[in-house]
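First up is the structure itself, then whatever we jot down about it.
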Amino acid sequence: MTLTARELVRRIARDSGLRYSDVVRRVNAEMAKGESLISSVQTLARETGLDPRRYVLDPLRIIDRIREVLTEDHTRTLMISAVIAQMVESPRSSRLPLPAFFAFMEILSEIEGQMVLRRDTPQDVEETATEVIELITTLVSLICAWSKTGIKGVAPDCPAELRSLAKTVLRKTRLYQGGMWVCISCGRVVSLRDVRGLVCRDCDKGPRHGSAAVHKVDSTSAERHRIGYGAYATDEES
Ligand SMILES: [Zn+2]
Numbered sequence: 028m029t030l031t032a033r034e035l036v037r038r039i040a041r042d043s044g045l046r047y048s049d050v051v052r053r054v055n056a057e058m059a060k061g062e063s064l065i066s067s068v069q070t071l072a073r074e075t076g077l078d079p080r081r082y083v084l085d086p087l088r089i090i091d092r093i094r095e096v097l098t099e100d101h102t103r104t105l106m107i108s109a110v111i112a113q114m115v116e117s118p119r120s121s122r123l124p125l126p127a128f129f130a131f132m133e134i135l136s137e138i139e140g141q142m143v144l145r146r147d148t149p150q151d152v153e154e155t156a157t158e159v160i161e162l163i164t165t166l167v168s169l170i171c172a173w174s175k176t177g178i179k180g181v182a183p184d185c186p187a188e189l190r191s192l193a194k195t196v197l198r199k200t201r202l203y204q205g206g207m208w209v210c211i212s213c214g215r216v217v218s219l220r221d222v223r224g225l226v227c228r229d230c231d232k233g234p235r236h237g238s239a240a241v242h243k244v245d246s247t248s249a250e251r252h253r254i255g256y257g258a259y260a261t262d263e264e265s
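In this text, residue positions in the sequence shown follow the numbering used here: the first is 28, and each later residue adds one.
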């Protein structure tokens with residue numbers, strides 16, 4: 028089953044005989060005109076004599092897969108959160124668009140309490156993080172409407188079940204564009220100037236309130252306790 032934009036593009040490249048890089052370029056050009064990912068791929072399918080109906084992605088299946096992956100292993104999910112938070116914080120990083128990050132945080136808070144605790148150390152953090160990033164980026168590209176300058180609304184064909192997620196992503200992205208940030212710990216809206224890592228000043232200083240899983244990705248403690256790829260010393264467990 029095709030779940031990510033990359034898989035879809037790869038599939039149409041294979042089926043059409045076009046080079047992957049050419050397909051990417053064509054799809055990007057269509058999307059820059061304001062076309063959605065799917066309609067861009069379908070345009071290309073039509074042009075190359077393929078059945079456009081075979082080139083679709085289902086946002087509901089994508090979010091199911093994201094939830095499945097993130098609930099499988101609590102520790103691994105925390106590590107993935109750390110990887111993702113660092114991508115967002117790093118000024119050099121452009122691999123994760125902010126709307127995708129906001130969607131990730133929403134899904135994470137939704138599944139809190141459902142994550143399975145496992146005893147053994149997860150081995151597949153890097154692959155799983157990559158999968159989650161691709162899934163979430165694809166999801167956001169499907170449920171939100173885009174323009175040249177970025178996100179502009181909820182996609183007209185966004186499934187009813189995902190409209191509130193799309194709206195939240197939209198709201199947080201607009202706040203960010205307006206110089207505001209929603210603290211990932213306490214949820215307060217603060218000025219970007221008052222953000223430390225991904226949290227507000229108060230959450231950065233004090234004992235953390237709330238219980239979002241991503242507390243542990245707070246940048247300073249994450250760096251201090253980092254003992255490996257996304258792994259933390261156990262004193263962070265408290
Ligand atoms: Zn806060």
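Note that beta-carbon positions come from the ideal geometry of N, C-alpha and C, so glycine has one too.
Just so you know, these numbers come straight off a predicted model, no measurement behind them.
Residue span of the alpha helix (DSSP H) that contains residue i, given as start and end
i      : result
Met114 : 101-116
Ala127 : 125-137
Ser67  : 64-74
Ser43  : 32-43
Distance between residue j and residue i (C-alpha atoms, nearest Å)
i      : j      : result
Ser168 : Leu135 : 18 Å
Lys60  : Ala172 : 12 Å
Pro149 : Asp100 : 8 Å
Lys243 : Met58  : Bear in mind that a pLDDT of 43 at Lys243, under 50, signals an unreliable position, so the model cannot answer this.
Ala40  : Ile90  : 25 Å
Phe131 : Arg52  : 27 Å
Met114 : Met207 : 19 Å
Val209 : Arg88  : 28 Å
Cys227 : Asp147 : 33 Å
Lys179 : Gly214 : 23 Å
His236 : Ile160 : Interpretation of His236 is limited by its pLDDT of 48, a score under 50 that renders its predicted location unreliable; no figure is taken from the coordinates.
Thr70  : Leu45  : 14 Å
Leu144 : Glu133 : 20 Å
Val216 : Leu197 : 15 Å
Gly140 : Glu116 : 26 Å
Ser67  : Val36  : 10 Å
Ser191 : Val181 : 9 Å
Asp78  : Arg92  : 26 Å
Arg201 : Thr195 : 10 Å
Thr29  : Asp229 : 43 Å
Ala239 : Thr164 : Here Ala239 scores only 47 on pLDDT, less than 50, and its place in the model should not be relied on; the value that follows carries that caveat. Rounded to the nearest angstrom, the two C-alpha atoms are 21 Å apart.
Arg119 : Asp221 : 21 Å
Tyr203 : Val50  : 32 Å
Tyr82  : Glu62  : 15 Å
Ala72  : Ser174 : 22 Å
Asp231 : Asp184 : 39 Å
Asn55  : Gly205 : 27 Å
Arg80  : Ala193 : 24 Å
Distance CB(residue i)-CB(residue j) smaller than 9 Å
i      : j      : result
Ser48  : Thr75  : no
Ala112 : Gly233 : no
Leu84  : Ala32  : yes
Leu123 : Lys199 : no
Val96  : Leu162 : yes
Met142 : Thr176 : no
Pro86  : Leu189 : yes
Arg94  : Ile65  : no
Ile211 : Pro186 : no
Residue range of the beta strand (DSSP E) that includes residue i
i      : result
Glu58  : The amino acid at residue 58 is misidentified as Glu; the sequence shows Met. Not the beta strand (DSSP E): Met58 falls in the alpha helix (DSSP H), residues 47-59.
Cys230 : Element bounds for Cys230: not the beta strand (DSSP E) but the alpha helix (DSSP H), 228-232.
Beta bridge counterpart(s) of residue i as assigned by DSSP
i      : result
Ser174 : Gly177
Arg223 : Val226
Val159 : In the DSSP output, where bridge partners are listed per residue, Val159 has none listed.
Ser212 : Bridge partners of Ser212: none, in fact.
Ser168 : For Ser168, which the question treats as bridged, DSSP gives no partner whatsoever.
Val217 : Trp208
CB contact below 9 Å: residue i versus chain B
i      : result
Arg119 : Protein chains in the displayed structure number just one, and chain B is not present.
Heavy atom of ligand 3 within 8 Å of residue i beta-carbon
i      : result
Val217 : This structure simply doesn't include ligand 3; it includes ligand 1 instead.
### Task
Check whether the region 95-109 touches the region 151-163, taking contact to mean three or more Cβ pairs, one atom from each stretch, closer than 8 Å.
yes
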